[in-house]
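Respectively, the protein sequence lines represent chains A and B.
According to the working numbering, the first sequence is numbered sequentially starting from 1.
According to the working numbering, the second sequence is numbered sequentially starting from 1001.
Note that the Cβ used here is the ideal one computed from N, Cα and C, for glycine as well.
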Amino acid sequence: MPDLGFRKNVMGPQPIAERAPTPPEMLEAANQFLDALARGEVEELNALTVENSRDEVNRLAEAARQTGIYDKKRIIALARINRHYWIKGELTGAETKRFIVQFRLGEHGGRWKVWDVINLTNARSAWTR
Amino acid sequence: MQKFLPVDKLARPENYILISLDRMRQARMDQGLTPFNAMPYEEDFLKARLHGICAGEMQAMEAAGRTLFDFPDAPWEFQLDMARQVWDESRHTEIYMKLLEYVGSYLGEFPESEVLWSCTQVDDPACRVAGINRGLEGLACDVFEQLIRLAQKMGDPVIERAVDYVLADEITHVRMGSKWMRKLTEGDPERLKRAQEFQDNIDNLFNFSGGRTTQEQAAQVRQKLGDKEIEFDSTLTIAREARLLAGFSEEEIDRLIKAASRSAAY
């Protein structure tokens, strides 16, 4: 009995292309952004953000600061449009409401920067924001 | 259960990225791309196009199910048609999930937008089927016909046959839409007009500001797909033959083509 869990062991069409690898530098920048958000490091957040989106990021940092103190972060989801990546991340802490943020990272001047942010903490989805 | 479900209430697992069409377009423009969907000349075209279709099939499944639920007083045969469509769309979703895997992608690689679901936001079943079954499923005929031609050029029978199989269903969905739009508005020309206008709005939403044309008139561009390089349409074409099979009249198709080219002038 062939092992149906592995595609290469199954007769029939095989994938014609490989999955696109996720750039490790992008993930590093995503984690750095979430860490800075958890610590409320506005200057670091701004350094990681393209100029046009800094006001939005400052508002996000203020909202995170008001929600509580966080000691854990997690990337919940990731999707891409061409070479820009959307990341959904959460910050959690003892006796603190979960803070959920969705942001877009893309290369800018040789560095991964944040282009867009959405605070999803009290939202069901980003479809109406 | 709530009727006429708004866009932000459509449920998805937490590990999905959902973004509004506006933000999706902005992300493309920030990378110097056209604001609309991935175009045939882009590197990730096949993956992104199949992903968009897969998400569309999922929303089409939900839309048909919602139409069934939102209009409990509609004729029994109408409800049966909608139930059949739910089953068809769920099968299509599975087919496209497998095609995604086939081209080296997976559901969730790209974000999902609300744009198709936003076309369900109407409380008349005649408008609903005009918009979903004639507008969106008509668009699906265009998209699938183009994908079949692309697969033929690539020499890929897997994509060609899988999409052809789905297209056969979409054609019946358009026919169902035409039948019910007319039946539900019998003796009420005002209601028929409203339904047609609702469909026109949806057609306009998806003509990409005049970027669409017929297969014969589409400019050809070179593109690399897998290990092959081929010449193919530079934009999404309007599939006259598939639309005729689906029951659109020549006049309706000509009107759609004209509307697409009129937008281009603006």
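Leaving aside the five residues that flank I75/A on each side, the residues in its chain whose CB is nearer than 8 Å to its CB run, in chain order, L27, A30, N31, L34, I87, K88 and G89. Residue contact check for D116/A against chain B: a CB pair falls below 9 Å.
DSSP links V114/A through a beta bridge to T49/A and L105/A. K1009/B sits in a helix when the DSSP states are folded into three classes. C1141/B sits away from A1027/B, with the two beta carbons spaced by 9 Å or more. With a threshold of 9 Å between beta carbons, M1039/B makes no contact with chain A. Look at V1221/B here: in three-state DSSP terms it is strand.
W86/A: member of the beta strand (DSSP E) spanning H84 to G93, first to last residue.
Distance between R19/A and Q1152/B, taken at the CA atoms: about 23 Å. Inside the region 1057-1119 of chain B, DSSP marks no whole beta strand (DSSP E) run of 3 or more residues. Non-local beta-carbon contacts of L1184/B in its own chain, meaning distances under 7 Å to residues more than five positions away in sequence, involve P1125 and A1126 in chain order. Burial check for W1076/B: the Cβ neighbour count within 10 Å stays below 16, so the residue is exposed. Nearest CB-CB separation between E18/A and chain B: below the 9 Å threshold. CA-CA distance, L1150/B to F1232/B, rounds to 7 Å.
Under the three-pair Cβ rule at 8 Å, the region 1016-1025 of chain B does not count as touching the region 55-64 of chain A. The beta carbon of M1058/B lies closer than 6 Å to those of T1093 in the same chain, with the five residues before and after it left out.
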